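Per the numbering used here, residue 34 is the first one in the sequence shown, and the count goes up by one each step. Positions of the beta carbon are idealized from the N, C-alpha and C atoms, including for glycine. Just so it is clear, the structure is predicted and the values come from calculations on it, not from any experiment. Inspection log for the structure reproduced underneath, given as structure tokens.
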Amino acid sequence: MDRRSFLTSTAAGTAATVSLINGTSAEAAEPDTLGRPVPDQSHAATGADFPKAGGNLGNQNHSSLKKITAGNVRKLGGAWHINLENGSTATHQQCAVIAQNGILYLATTQQNVFAVDGRTGNVKWKTGIGTETTNMRGLALGRGLAFTISGDNKVHALDQKTGAVVWSRELLVEDQGDPDCDPASGQCGGSKGGLAGAVVHWDGLVYIGTQGSTAGARGRAYALDASTGEVVWTFWGTPGPGEYGHDTWEGDSWKTGGAVCWIHPAVDPELGLVYWTFGNPYPRTDGSSRGGDNLFANSLVAIDAKTGKRRWHFQSVHHDIWDYDGVMSPVLADILVKGRKQRVVVYGSKTGMYYILDRATGKPVHGMEERPVPQHAAQKTSPTQPFPGGEPFVDTEPRLDKATRPVPFYPTGGLFEAHWDRATIIFPGAGGGADWSSPSFSHRTGLVYVGYGLINSAYSNTHGGRVNTARPLGEYFAGGLAAVDPRTNTVTWRQEGAWSLAHGNGVLSTAGGVLFQGRPDGILTALDDRDGSELWTWQCGAGVNTSPLTYEIDGEQYIAVLAGGNGLPYPDIPKGDHLWAFKLGGGVGPAPAPTPPSRRNQIRSAPVTGETAHNTVTLGRVWDSAKNAPGAAENLVGQNAMSPQHLSIAKGTAITFTNPADNKSAHGAVAFFEAEFDTGLLMPGQSYTYTFDTPGEYFYNDPIAPQSTGKIVVK
Numbered sequence: 034m035d036r037r038s039f040l041t042s043t044a045a046g047t048a049a050t051v052s053l054i055n056g057t058s059a060e061a062a063e064p065d066t067l068g069r070p071v072p073d074q075s076h077a078a079t080g081a082d083f084p085k086a087g088g089n090l091g092n093q094n095h096s097s098l099k100k101i102t103a104g105n106v107r108k109l110g111g112a113w114h115i116n117l118e119n120g121s122t123a124t125h126q127q128c129a130v131i132a133q134n135g136i137l138y139l140a141t142t143q144q145n146v147f148a149v150d151g152r153t154g155n156v157k158w159k160t161g162i163g164t165e166t167t168n169m170r171g172l173a174l175g176r177g178l179a180f181t182i183s184g185d186n187k188v189h190a191l192d193q194k195t196g197a198v199v200w201s202r203e204l205l206v207e208d209q210g211d212p213d214c215d216p217a218s219g220q221c222g223g224s225k226g227g228l229a230g231a232v233v234h235w236d237g238l239v240y241i242g243t244q245g246s247t248a249g250a251r252g253r254a255y256a257l258d259a260s261t262g263e264v265v266w267t268f269w270g271t272p273g274p275g276e277y278g279h280d281t282w283e284g285d286s287w288k289t290g291g292a293v294c295w296i297h298p299a300v301d302p303e304l305g306l307v308y309w310t311f312g313n314p315y316p317r318t319d320g321s322s323r324g325g326d327n328l329f330a331n332s333l334v335a336i337d338a339k340t341g342k343r344r345w346h347f348q349s350v351h352h353d354i355w356d357y358d359g360v361m362s363p364v365l366a367d368i369l370v371k372g373r374k375q376r377v378v379v380y381g382s383k384t385g386m387y388y389i390l391d392r393a394t395g396k397p398v399h400g401m402e403e404r405p406v407p408q409h410a411a412q413k414t415s416p417t418q419p420f421p422g423g424e425p426f427v428d429t430e431p432r433l434d435k436a437t438r439p440v441p442f443y444p445t446g447g448l449f450e451a452h453w454d455r456a457t458i459i460f461p462g463a464g465g466g467a468d469w470s471s472p473s474f475s476h477r478t479g480l481v482y483v484g485y486g487l488i489n490s491a492y493s494n495t496h497g498g499r500v501n502t503a504r505p506l507g508e509y510f511a512g513g514l515a516a517v518d519p520r521t522n523t524v525t526w527r528q529e530g531a532w533s534l535a536h537g538n539g540v541l542s543t544a545g546g547v548l549f550q551g552r553p554d555g556i557l558t559a560l561d562d563r564d565g566s567e568l569w570t571w572q573c574g575a576g577v578n579t580s581p582l583t584y585e586i587d588g589e590q591y592i593a594v595l596a597g598g599n600g601l602p603y604p605d606i607p608k609g610d611h612l613w614a615f616k617l618g619g620g621v622g623p624a625p626a627p628t629p630p631s632r633r634n635q636i637r638s639a640p641v642t643g644e645t646a647h648n649t650v651t652l653g654r655v656w657d658s659a660k661n662a663p664g665a666a667e668n669l670v671g672q673n674a675m676s677p678q679h680l681s682i683a684k685g686t687a688i689t690f691t692n693p694a695d696n697k698s699a700h701g702a703v704a705f706f707e708a709e710f711d712t713g714l715l716m717p718g719q720s721y722t723y724t725f726d727t728p729g730e731y732f733y734n735d736p737i738a739p740q741s742t743g744k745i746v747v748k
């Protein structure tokens, strides 16, 4: 097959439409110069209800409600606030809240499913299911049922009125190589992984995704019968023998090839297609054992919604070795491009580029160029990668004048830089660009709003199977919000700030001209959709790493959000269980501000006192915490090869940096960003002493093995 083929010529099917997606735009379109949706063509915006993750089946995260405006949003206050898990801060929350008929529905990581009165915050019912998982990112509603997943890989259908379990279905049953496994069950072959993502319901089918690319799970997408839970079809992220795309995997690498679909799809009822994004291959940074393009990793696949057959696909990264999985929920929109109506799907990724495709055929709307990229024979790199017409919404290489400035001494590259056994900084890194935040397509402006991260990653593959995909210790994180015009695939405006907004920080746009988005420090923001200027903020008590929603009860508009934090990219994002609703004139005040996460990638090892370490840092050795002493062997690959890695001392202390005589390599210690000391290169047996007279936090690394990073805190 043509290795650059990204579509097939099959006719688009038809299916019945439903009210979530069919109908007219809430706002009449203005002239084409504003890039507004095509009148009477775009997927209907949500109104009083917000009945699924993403709002409608097109994942537009846009509402026709407009009583809250840029002019009055400053009057927004808390309507009510509840703690869902008795104030627990034990874990973070990733579930998008949905609303129907004045009732909010959501699930917590603790695996409690809630129905909450949207006017008062009173819990109408609560049902405990399964075991804990952070991968539950939104319920689906349909046929009087609420559908969700649990950490024990089960799908549950609950009575929407009472919370009673109607049926449960276990998926991902590992066959362990059993030759009697029934292929029709959709359960056979590959590592089982886990269920993940928001659930989607359409026309009697429930769509369920999976996770586990980092552990060698074989990705699969499921469609279940909404009435019984029976598997209707399974689509494999790594095709098996005889299936289209199987020849893009070397040998048996497809069996553990990853390509999981861990974010919810979009559905076009008129075309009868479900659009699903599949993640990175496995191993994620080592391509040496899986030559080929590795379909359907890093791909958007248009699947027949009823049969599970592939209609077309587009691969955004061939033979990924950068963890550039483009799993952000795809957005469907009907727009005017050069005066001609285009039905498009907007597909985003960590590369910081949007791929805007005709959603019936998969053809690029703005063109696509396969450009040569850096090569490495051991990695079996693809000779080219696709670049869409238009422009990226983030830089494609690090800049020294921004938060993306790389930690020194690493080999440093931009998008698609090749790497092998030496830690190499790549930008954008695995944290984006755009990772898994839910973007919004506004019917008011015609723009797509997307949160992004400015985060480097350092990749290496060392012999013996050790893989380093870590973000460089000591680097700073940042990010922002971009408004992209899908008619041209160019950036209309961009607002950068101190926080990465690429991990669950979904965007809600409204007909009132206001955008809502949360931050890792617990702040929910309201922004002007014309330029991103800040209009209002609210402290929610924990990181806001979910998507806000809006709904209406008796003519009154509410905004709601779940604030529970997340583990990425900041490990110390404040956690919680806060469910908030807001309205104009609301009288409930904000939560106390939690401790915000560190804006740089912290060293998390326990501090060792100068006295314990004899005021000495031993280079190229890993600290033995059991013996409170440097390890016996030289280490050139670990991030923690400074002994101790985290040293706490008093002001005025003299610290000796020593390279042991039995090390084989030169080493050094050089402070970066907040420069304070530089030992130069020390040969085995050499030392350097420095007195710390200024309190502060000092990161330093080894110019020979730059991933080896230490921190000294001077008090």
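Beta-carbon proximity of residue i to residue j, cut-off 8 Å
i: residue 323; j: residue 362; result: no
i: residue 548; j: residue 511; result: no
i: residue 369; j: residue 392; result: no
i: residue 405; j: residue 416; result: yes
i: residue 296; j: residue 360; result: yes
i: residue 178; j: residue 86; result: no
i: residue 483; j: residue 467; result: yes
i: residue 675; j: residue 741; result: yes
i: residue 508; j: residue 637; result: no
i: residue 645; j: residue 689; result: no
i: residue 251; j: residue 289; result: yes
i: residue 102; j: residue 89; result: no
i: residue 146; j: residue 137; result: no
i: residue 243; j: residue 229; result: yes
From the options, residue whose alpha carbon lies closest to that of residue i
i: residue 728; options: 734, 745, 718 and 739; result: 745
i: residue 631; options: 113, 680, 553 and 742; result: 553
i: residue 318; options: 655, 349, 357 and 171; result: 357
i: residue 609; options: 594, 616, 221 and 621; result: 594
i: residue 328; options: 340, 304 and 291; result: 291
i: residue 622; options: 570, 655 and 411; result: 570
i: residue 747; options: 680, 702, 307 and 712; result: 680
i: residue 465; options: 384, 655 and 355; result: 384
i: residue 567; options: 575, 556, 573 and 574; result: 556
i: residue 756; options: 283, 338, 367 and 245; result: Nothing about residue 756 can be reported from this structure: the residues present for the chain run from 34 to 748 only.
i: residue 476; options: 93, 730 and 659; result: 93
i: residue 153; options: 199, 586, 504 and 596; result: 586
i: residue 386; options: 172, 228, 481 and 629; result: 481
i: residue 426; options: 140, 715 and 461; result: 461
i: residue 315; options: 471, 274, 241 and 226; result: 226
i: residue 617; options: 76, 81 and 106; result: 106
Sequence-distant residues of the same chain with beta carbon closer than 7 Å to residue i, five excluded per side
i: residue 309; result: 254, 294, 298, 334 and 336
i: residue 583; result: 83, 96, 98, 541, 543, 590, 591 and 592
i: residue 175; result: 234 and 259
i: residue 64; result: In this prediction, residue 64 has a pLDDT of 40, which is less than 50 and means its spatial position is unreliable; what the coordinates show is noted afterwards. Contacts found: none.
i: residue 455; result: 444 and 493
Residues of its chain near residue i, where Cβ-Cβ distance is below 6 Å and the 5 sequence neighbours each way are ignored
i: residue 166; result: 184
i: residue 187; result: 163, 201 and 203
i: residue 320; result: 352, 354, 412 and 413
i: residue 731; result: 704, 709 and 745
i: residue 283; result: 323, 324 and 325
i: residue 687; result: 722 and 724
Chain-order list of residues whose beta-carbon lies under 8 Å from that of residue i (same chain, five-residue window excluded)
i: residue 671; result: 655, 740 and 741
i: residue 120; result: 609 and 610
i: residue 155; result: 149
Closer than 7 Å: residue i CB and nearest the ligand FMN heavy atom
i: residue 249; result: Although the ligand FMN was asked about, the structure shown includes no ligands whatsoever.
Enumerate, from N- to C-terminal direction, the unbroken alpha helix (DSSP H) stretches of 4 or more residues contained entirely within the region 289 to 369. none
Contact between the region 525 to 532 and the region 155 to 172: three or more CB pairs below 8 Å? no
Going residue by residue through the region 484 to 523, where are the continuous beta strand (DSSP E) segments of at least 3 residues, counting only ones entirely within it? 490 to 494 and 511 to 518
Could you tell me whether the region 340 to 354 touches the region 393 to 403, where touching means 3 or more Cβ pairs closer than 8 Å? yes
What beta strand (DSSP E) runs, 3 residues minimum, are completely inside the region 368 to 399? 373 to 381 and 387 to 391
Please give me, in chain order, every unbroken run of the beta strand (DSSP E) with length at least 3 that falls completely inside the region 522 to 582. 523 to 530, 540 to 543, 547 to 551, 556 to 561 and 567 to 572
Taking only runs that begin and end inside the region 186 to 210, name each unbroken alpha helix (DSSP H) of 4 or more residues, in chain order. none
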